[in-house]
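Residue numbers for the sequence shown, in our numbering: 619 to 946. The C-beta atom is built at its ideal place from N, Cα and C for all residues, glycine as well. Fair warning: this is a prediction, and the values are worked out from it, not measured in the lab.
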Amino acid sequence: MTTLVTGGAGYIGSITTRLLRSTGRSVVVLDSLENGHAAAVGDTPLVVGNVANTDLVTQICRDNDIDEVVHFAAYKAVGESMENPGKYFDNNVTGSQKLIDAITACGVTRFVFSSTAAIYGTPDSVPVSEASAVRCESVYAETKLMIEHLLHWYGQTRNLRSVSLRYFNAAGASSDSTLGEDWRFSQNLMPHVMKAVLGASPALNVFGDDYPTPDGTGVRDYIHVEDLAASHVAALDYLSNGGQTLVCNVGTGHGTSVLEILQATERITGKPVPHVIQPRRAGDPSECYATTMLAAEKLGFVATRSLDDIISSAYAWHVAHPTGHSAN
Ligand code: WQD
């Protein structure tokens, strides 16, 4: 059994690739290395290229007898997607469509996709279930929803069975501090907290302290990246056992505020996190956290790592990689 992982040199992709190999699978990574790092792939076979290259994808499938695909490769900066929508529709949507077309033409019938909780936009209520209204508030989110729809139709027409995992807030690093998030490319909270605590930035900007939440700051569902990686293994196993196409939240079911993250970081690192309260960031909901029942019921997946595990692993990774990224 060989698994093709697109975007396997990236943050979540590299940690998932390592976990997939530990389950006994053989893995081939396809990554453009535009934002990923060859070093993060280790000794897993790496093909440098684009998912939109039909000839290349076909060759990979034929050469390696690919049975299943995990598709991470995408652009993910929400702000950039609003400035340059064509870049996102082209890379994320057209690229995915070409990939799905090529792999289904080669007989692949199992596919796991990195979707996002961003498609819920500002939810009417929390926790957010898969039955909640989808309300994309960015081009980035829309591209992910469009890919979910592509997967539905390739299921109807080409026998492709897929699991779209709607990630909540991925955070943390591998427990051995060798794989983590490149803070040069991230607008997310945890890398910015780490920059502030390590003195790589003067202070963390806290976007809003007047939300209708217990301490006024935004509440999110932070899931350890190693738990998130495990959800992909569970999704592949579900499909191997005959599971039908599924769209599923991946979170912990618990909400944590920005201030709670700061306080926990100060307790765990023993260092202050310099921070400045700023106005709210456009488009940010006050609260967003997941219902986790569907993942538990269908995939047998439950996140097991704590917020302290997330923070301590992120801190250890950034201490070990003071430039914020791995060697290349
Ligand atoms: C979390 C909280 C901010 C940075 C986004 C995307 C989503 C997914 C994850 C996928 C909010 C606050 C943040 C900072 C802060 N991406 N914050 N200062 O917005 O929930 O989700 O990332 O690839 O698609 O929309 O995550 O980490 O940016 O923000 O105060 O410097 O931290 O306001 O309350 P978000 P985030």
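Where cysteine 866 is concerned, there is no enclosing alpha helix (DSSP H), although the beta strand (DSSP E) around it starts and stops at 864-868. Judged by DSSP secondary structure, tyrosine 829 falls outside any alpha helix (DSSP H); it is assigned neither H nor E.
Valine 865 and glutamate 766 do touch by the CB rule: their CB atoms are close to 6 Å apart, below 8 Å.
In the three-state DSSP reduction, cysteine 679 falls in the helix class (H, G or I).
Counting only unbroken stretches of 4 or more residues, no alpha helix (DSSP H) element lies wholly within the stretch 726-768.
Shortest gap from the CB of lysine 694 to any heavy atom of the ligand WQD: under 7 Å. Glutamate 915 is positioned such that its CB atom lies no closer than 8 Å to that of threonine 831. With a 10 Å radius around the Cβ and a threshold of 16 neighbouring Cβ atoms, asparagine 777 comes out exposed.
Taking 7 Å as the cut-off, the C-beta of aspartate 845 does not count as close to any heavy atom of the ligand WQD.
Beta-bridge analysis with DSSP links arginine 784 to Ser733, Asn867. Following the DSSP letters along the chain, one finds tyrosine 706 inside the alpha helix (DSSP H) bounded by residues 703-706. For glutamate 652, there is no enclosing alpha helix (DSSP H), as DSSP marks it with neither H nor E. Across the structure, valine 757 and asparagine 702 are spaced so that their CA atoms are roughly 9 Å apart. Relative to the ligand WQD, the beta carbon of alanine 736 is positioned inside 7 Å of a heavy atom. Less than 8 Å separates the beta-carbon of threonine 835 from that of valine 876.
Relative to the non-hydrogen atoms of the ligand WQD, the Cβ of asparagine 806 comes within a distance shorter than 7 Å of at least one.
Taking serine 793 as the centre and dropping the five residues before and after it, the same chain places the C-beta of Glu844, Ser931 closer than 7 Å to its C-beta, in chain order.
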